[in-house]
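Engineer: Heads up, the sequence shown is in my numbering, so the first residue is -18 and it goes up one at a time.
Take a look at this one; I'll ask things after.
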Amino acid sequence: MKPTILKLLGQRIRDMRKALGLSQEELAEKVGCHFSYIGGIERAEKNISILNLEKVASALGTNIVELFSYGKYTRSTQNSKDVLINELTQKLATMKVNDLKKVDLFINEFFE
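What follows is the structure, given as structure tokens:
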């Protein structure tokens, strides 16, 4: 059975929340909602609105587009490039903005 978009999105939000070391309660506080709503989103029980999706993305320090980068959940086999890209994306998603700027600077300098 193919995963639904709600399941994929919920898993992605859960993974990002855990990568940041946040509980559902802590994320809910940042979003301005009840922790049971976050749990419902993560379990694909709630159909989240675009406005709330934007709040969740902001609370996770990312943007809405990044929440839909859940390729690792949909492919049964990945080549080594896909695996590496997913690993790097997960690492970058947990970094603070200042550290991301340093990584960006390093990449630009390295590949010039």
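The beta-carbon is built from N, C-alpha and C at its ideal position, and this holds for glycine as well.
Could you name the residues of the same chain whose beta carbon sits closer than 6 Å to that of Ala38, not counting the 5 residues immediately before and after it, in chain order?
Structural biologist: Contacts found: Asn44, Ile45 and Leu48.
Engineer: With distances taken Cα to Cα, identify the nearest neighbour of Arg24 among Lys(-12), Asp85 and Leu86.
Structural biologist: Of Lys(-12), Asp85 and Leu86, the residue nearest in Cα terms is Lys(-12).
Engineer: What separation, rounded to the nearest whole angstrom, lies between the Cα atoms of Glu6 and Asp80?
Structural biologist: About 26 Å.
Engineer: In the structure shown, what three-state DSSP assignment does Thr(-15) receive?
Structural biologist: Coil, per DSSP.
Engineer: Around the Cβ of Met(-3), are there at least 16 other Cβ atoms within 10 angstroms (buried) or fewer (exposed)?
Structural biologist: With 16 or more other Cβ atoms within 10 Å, it is buried.
Engineer: Quick check: is the beta carbon of Leu34 nearer than 9 Å to any beta carbon in chain C?
Structural biologist: Protein chain content of the structure displayed is limited to a single chain, and chain C is not contained in it.
Engineer: Below 8 Å on the Cβ atoms is my guess for Leu1 versus Leu34; work out the distance and round it to an integer in Å.
Structural biologist: Not really, about 17 Å apart at Cβ, beyond 8 Å.
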